[in-house]
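J.: I'd like to ask some things about the structure below.
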Amino acid sequence: MNFWQKIKKNRVLKNILIFLAMLGPGVITGSVDNDAGGITTYSVAAATYGYPILWTLLPSFIVLLVVQEMNMRMGACTGKGLADLIRETFGIKVTFWIFLGLLVADIGNTATEFAGVAGSMNIFGISKYISVPLTAGAVWILVTKGNYKVSERIFLFFSLALLSYVISAVAAKPDWHQVGLALIQPQIQFDKDYLIMVLGIVGTTIAPWMQFYMQSAVIEKGTTMEDYKLALADVIIGCVATVAVAVFIMVACAATLHVNNVVINEAKDAALALKPFAGALASAVFAFGLFVASIFSATILPLATSFYICEAFGFNAGIDKRVEEAPQFYALFASIMVIACVVILIPNAPLIAITLWTQDINAMLLPVVLISMQLMVNNPEIMGEHVNNKLQNAVGWSTTVVLITLTLLLLVIPAFDFFKAH
Amino acid sequence: MELFVYFSKMIGCNVQDNRGSWVGRLHDIAMNPNSDIYPKASDLIIRRGSFSREYARVNWEDIASIEKDIRLKITSDRIKFSREMPKSDFTLRRDIFDQQVVDIDDQRVVRVNDIYLLRVDNQLYAANVDVGLRAIFRRLGWTGIVDLIVSIINSKSPYLTQEELIPWKATQILPKLGRMRSVLKLDVTKNKLSSIPPAALADIIQDLDLFARVSVFKSIDSVLQNKVFTDMTLAYKEELIEQLSEGEVANLITNIPADEATDLLMKLPREKTHHLMGLLGTETNKKLRKLLGFAQNSAGGLMTAEYLTLKADATVADALQKIKDNINFPGTIFFLYIVDDNYKYLGTTSLRRFFNEDPQSLLLKTCYPENIHVYTDDSVEQVALLLERYKSSSIPVLNSQDILQGIITIDDVLEELISLAWHQYKEKL
Numbered sequence: 026m027n028f029w030q031k032i033k034k035n036r037v038l039k040n041i042l043i044f045l046a047m048l049g050p051g052v053i054t055g056s057v058d059n060d061a062g063g064i065t066t067y068s069v070a071a072a073t074y075g076y077p078i079l080w081t082l083l084p085s086f087i088v089l090l091v092v093q094e095m096n097m098r099m100g101a102c103t104g105k106g107l108a109d110l111i112r113e114t115f116g117i118k119v120t121f122w123i124f125l126g127l128l129v130a131d132i133g134n135t136a137t138e139f140a141g142v143a144g145s146m147n148i149f150g151i152s153k154y155i156s157v158p159l160t161a162g163a164v165w166i167l168v169t170k171g172n173y174k175v176s177e178r179i180f181l182f183f184s185l186a187l188l189s190y191v192i193s194a195v196a197a198k199p200d201w202h203q204v205g206l207a208l209i210q211p212q213i214q215f216d217k218d219y220l221i222m223v224l225g226i227v228g229t230t231i232a233p234w235m236q237f238y239m240q241s242a243v244i245e246k247g248t249t250m251e252d253y254k255l256a257l258a259d260v261i262i263g264c265v266a267t268v269a270v271a272v273f274i275m276v277a278c279a280a281t282l283h284v285n286n287v288v289i290n291e292a293k294d295a296a297l298a299l300k301p302f303a304g305a306l307a308s309a310v311f312a313f314g315l316f317v318a319s320i321f322s323a324t325i326l327p328l329a330t331s332f333y334i335c336e337a338f339g340f341n342a343g344i345d346k347r348v349e350e351a352p353q354f355y356a357l358f359a360s361i362m363v364i365a366c367v368v369i370l371i372p373n374a375p376l377i378a379i380t381l382w383t384q385d386i387n388a389m390l391l392p393v394v395l396i397s398m399q400l401m402v403n404n405p406e407i408m409g410e411h412v413n414n415k416l417q418n419a420v421g422w423s424t425t426v427v428l429i430t431l432t433l434l435l436l437v438i439p440a441f442d443f444f445k446a447h
Numbered sequence: 064m065e066l067f068v069y070f071s072k073m074i075g076c077n078v079q080d081n082r083g084s085w086v087g088r089l090h091d092i093a094m095n096p097n098s099d100i101y102p103k104a105s106d107l108i109i110r111r112g113s114f115s116r117e118y119a120r121v122n123w124e125d126i127a128s129i130e131k132d133i134r135l136k137i138t139s140d141r142i143k144f145s146r147e148m149p150k151s152d153f154t155l156r157r158d159i160f161d162q163q164v165v166d167i168d169d170q171r172v173v174r175v176n177d178i179y180l181l182r183v184d185n186q187l188y189a190a191n192v193d194v195g196l197r198a199i200f201r202r203l204g205w206t207g208i209v210d211l212i213v214s215i216i217n218s219k220s221p222y223l224t225q226e227e228l229i230p231w232k233a234t235q236i237l238p239k240l241g242r243m244r245s246v247l248k249l250d251v252t253k254n255k256l257s258s259i260p261p262a263a264l265a266d267i268i269q270d271l272d273l274f275a276r277v278s279v280f281k282s283i284d285s286v287l288q289n290k291v292f293t294d295m296t297l298a299y300k301e302e303l304i305e306q307l308s309e310g311e312v313a314n315l316i317t318n319i320p321a322d323e324a325t326d327l328l329m330k331l332p333r334e335k336t337h338h339l340m341g342l343l344g345t346e347t348n349k350k351l352r353k354l355l356g357f358a359q360n361s362a363g364g365l366m367t368a369e370y371l372t373l374k375a376d377a378t379v380a381d382a383l384q385k386i387k388d389n390i391n392f393p394g395t396i397f398f399l400y401i402v403d404d405n406y407k408y409l410g411t412t413s414l415r416r417f418f419n420e421d422p423q424s425l426l427l428k429t430c431y432p433e434n435i436h437v438y439t440d441d442s443v444e445q446v447a448l449l450l451e452r453y454k455s456s457s458i459p460v461l462n463s464q465d466i467l468q469g470i471i472t473i474d475d476v477l478e479e480l481i482s483l484a485w486h487q488y489k490e491k492l
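In structure tokens:
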């Protein structure tokens, strides 16, 4: 009896295999989620505020779960992408503004990914003027000439590298008791920088473009409501993994950098700063994780963004089309890549500001996308019998309200400071 | 008032009653699907209120005039508003505006940016759908600015003059959110898809979302279904049969060429294949079971079981009769294969070779002088080589005891070779 037959005979193992085959949209989306922007935000937040800011991840997790479940349900129910549904339900004006926002945010997001590439390669002694153009070239070739499905699987395998943050965190020897307490005891401060940070964490954990990506992945997989339970398990695992990685990144940074009062501005700084406290291995592993995450998202983001925009406006799209067949698609893809790279390559570019502002645009765009999703997922013309139940609506709407309040606070506080100063 | 009106301009326009007092705003227009080439508007759907919206239906006969505003002949108290949207089979906003439709002429799926309505004596007819970029800017209210910018850059740009209009008769509406309203929808609005060649229709169907795909597929007749299904790629075939009933799947597998059916069955999980085989008729079952035993890119995997055989003692008259009897045969009837009682292969002849021969003479005498054939485990390349060398369009496949197993036609080989060539071409890039 060979290895595979042995496995097939074993009931438990067989079920695990079936489950692994079903794994997909949730887990893939989860690993794309912890991109360069995410790693930067998590490490900067933890280095600045230490363990007490960990609590933000718990509500983030709940919201992430509820939102992704809605995306999965909408995809399974309608077989349509989120962009399609928004266009068909709300008409062209709403669609236009949402996608303009998404385009701007995603150019920023892509720039952040390239900043991640530049930063992580810098640690291994490679200049950004070499690493960024090379990576961009590689991404372009991969997308236009290569097999996208295969590369997605390879990246997914490499995203196991994110688990390296577990190593970094353990090597940092944190006080686990304190970590546990911080996760469940919210300690809120009411100053501008703190609020920006909280908004940034939420914005990076639940980035608007993820909703589009998630729903497309569900459709690609051909999930229907009959597969709901397995798909739900996939979403839950994806969310747990995403937030667990975030916890470990924050613990690693809080246990070393915050405790020793090291102030950092980028994920790269975190990798460098880890060295004296957690050892060279932890530092290198952190940098490697950052590199893989950055390049993964730098491939997916520009592609996905161009795709959704074309989908919403009815242009031909897809990497299986030739440039003449899908001019708008390739034009968008190329411009996002070029703008993002150029921004990063400008000497003394304000990378940190770009990263933080991008996260804030994400957080501001999120309520708009969430409101659209809430309206659609409660519309029986679209969802039939699978509209939201009361609990889902409660979580969905309260998230939206909290996010809008936070965003408004962010806009109001600077104005308030301004008047105080004059 | 102009002859043509944009539907986007009409949405939200004020509706007044016979005394000129405000009733509501235009929300949608229900169409009469049975009117000839251009569907005629049959009802107005008006709305009022912003947070708790109410809708009402107004019959077209109650309209006095359509200018900038819509004026009704009736008093406002005769209009009954309710929270429920009035039911209609087919409305412009819900079913066409901003939705995807099939452009029959260019054979592609497009998204509707606007609808041109033709106005004759206060009647409205849907004339064209606009899928152009300019319609998007018009709806955003930016026509002036964008036109100015484009004309500065290139005053001869086709953007300024070319409208991307699709006439109504070349527009096929798709079932919106297929799962909810499914096939019913297509019956209402006449199915125009059958005028598209099957291969192009297969491409269109693959462009749709899963549920629309299923309902469009179910809306076409079974002969076209078989052709379209044959032309779909394997991955889409797999996905589609997941959504069809067992009976429908069994029907499809029986009616598509046997080699296509085996390709599909080989792709499916073993248990599913077994289950499906149980649903097929015994003839199909026997045919497919044999084909399933061979590797996909070997002669055995490529061959089809659809060919005509005759015994060694058959005459030319028998052969002609056989062809007449099988005029609707799905496989080739141009070639005939001669076998003995044990199905041992004796020779191949073609219509061209025996058509003018004496009807009483033995068919075996008209066979090709060269005995060309391949064995089940020969490779695609070998098959292609022989077909090319003998300029033949089909070749018999034998097992090691020279028993005829099937035939390979040149289109099957081409399909396999093109995909091979494509892979090599891609690697070179």
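These protein sequence lines are chains A and B, in that order.
Mapping to the numbering used here: the first sequence position 351 is 376, numbers consecutive.
Mapping to the numbering used here: the second sequence position 266 is 329, numbers consecutive.
Just so it is clear, CB atoms sit at the ideal spot from N, CA and C, and this is done for glycine as well.
#1: Would you say A130/A touches the ligand NAP, meaning its beta carbon is less than 8 Å from a heavy atom?
#2: Got a sec? Which residues, its chain only, sit under 6 Å from L240/B by beta carbon, not counting five neighbours each side?
#3: Can you check which of these residues, M295/B, H338/B, L331/B, T336/B, is closest to I319/B by C-alpha distance?
#4: Per the contact definition of three or more C-beta pairs closer than 8 Å, is the segment 288-304 of chain A in contact with the segment 330-347 of chain A?
#5: Taking the alpha-carbon positions, what's the A194/A to N418/A distance?
#6: List, in order along the chain, the chain B residues whose C-beta lies closer than 7 Å to that of F139/A?
#7: Under 8 Å Cβ-Cβ, which residues of chain A neighbour F153/B?
#8: Is there at least one Cβ from chain B nearer than 9 Å to G247/A's Cβ?
#9: Using a Cβ-Cβ cut-off of 6 Å (strictly less than) and excluding sequence neighbours within five positions of H436/B, which residues of its own chain qualify?
#10: Starting from A266/A, follow the beta strand (DSSP E) in both directions and report where the run begins and ends.
#11: Alpha carbon to alpha carbon, how far is G247/A from A368/B? Give it in angstroms, no decimals.
#12: Would you mind sorting Q210/A into buried or exposed? The rule is 16 or more other CB atoms within 10 Å of its CB.
#13: I'd like to know whether the C-beta atoms of L282/A and A71/A end up nearer to each other than 9 Å.
#14: So, does the CB of R276/B fall closer than 9 Å to a CB anywhere in chain A?
#15: Do you know how far the Cα of S128/B is from the Cα of I137/B?
#16: Pop quiz: A163/A and A61/A are said to be a contact at Cβ under 8 Å. What is the actual Cβ separation, rounded to whole angstroms?
#17: Whole angstroms is fine: what's the gap from Q203/A's alpha carbon to T160/A's?
#18: Just to confirm my understanding: we take A256/A, look at its own chain, exclude 5 residues before and 5 after, and list those with CB closer than 6 Å. What are they?
#19: If contact means a Cβ-Cβ distance below 7 Å, which residues of the segment 106-121 of chain A contact chain B?
#20: Should M222/A go down as buried or exposed, given a rule of 16 or more other Cβ atoms within 10 Å for buried?
#21: Out of G204/B, F160/B, R276/B, which one is the CA nearest neighbour of K105/A?
#22: Helix, strand or coil: how does DSSP classify L247/B here?
#23: According to DSSP, simplified to helix, strand and coil, what is M26/A?
#24: Could you compute how far the alpha carbon of K350/B sits from the alpha carbon of G421/A?
#25: Assign L228/B to one of three DSSP states: helix, strand, or coil.
#26: So which of T325/B, D80/B, K407/B has the shortest CA-CA distance to F357/B?
#27: Where DSSP assigns a beta bridge to R197/B, which residues make up the other side?
#28: Apart from the five residues just before and just after L431/A, which ones in its own chain have a Cβ nearer than 8 Å to its Cβ?
#29: Assess contact between the segment 327-336 of chain B and the segment 415-426 of chain B, defined as three or more Cβ pairs (one per stretch) separated by less than 8 Å. Is contact present?
#30: Helix, strand or coil for F398/B per DSSP?
#31: Between V312/B and chain A, is there a C-beta pair that is closer than 9 Å?
#32: So Y355/A and T54/A are in contact, right, with Cβ under 8 Å, and what is the actual spacing, rounded?
#33: Are the beta-carbon atoms of D210/B and F70/B separated by less than 9 Å?
#34: Reducing DSSP to helix, strand and coil, say where H90/B ends up.
#35: Could you check whether the Cβ of F160/B sits closer than 9 Å to any Cβ belonging to chain A?
#36: Return yes when the Cβ of L82/A is within less than 9 Å of the Cβ of V264/A, no when it is not.
T.: With the given structure in hand:
#1: Absent from the structure shown: the ligand NAP. Ligands present: none.
#2: For L240/B, the predicted model reports a pLDDT of 49, less than 50, meaning its position is unreliable and no value from the coordinates is stated.
#3: M295/B
#4: no
#5: 36 Å
#6: Per Cβ cutoff of 7 Å: no residues; F139/A is ~25 Å from chain B at best.
#7: Those within 8 Å of F153/B in chain A number zero; the least Cβ separation is about 15 Å.
#8: yes
#9: P459, L461
#10: Taken as a continuous stretch (DSSP letters only), A266/A belongs to no beta strand (DSSP E), being part of the alpha helix (DSSP H) at 253-278.
#11: 33 Å
#12: exposed
#13: yes
#14: yes
#15: 12 Å
#16: Not really, about 16 Å apart at Cβ, beyond 8 Å.
#17: 40 Å
#18: M97, T248
#19: R112, E113, G116, I117, K118, F121
#20: buried
#21: R276/B
#22: Confidence at L247/B is low in this model, with a pLDDT of 44, below 50, so the placement of that residue is unreliable and no value is reported for it.
#23: In this prediction, M26/A scores a pLDDT of 40, lower than 50, which makes its location untrustworthy; no coordinate-derived value is stated.
#24: 56 Å
#25: strand
#26: T325/B
#27: Looking at the DSSP assignment, R197/B forms no beta bridge with any residue, so it has no partner.
#28: L220, V223, L224, V227, A388
#29: no
#30: strand
#31: no
#32: 25 Å between Cβ atoms; not a contact.
#33: no
#34: strand
#35: yes
#36: Just to set this straight, residue 264/A is Cys in the shown sequence, not Val. Going by C-beta atoms, C264/A is not nearer than 9 Å to L82/A.
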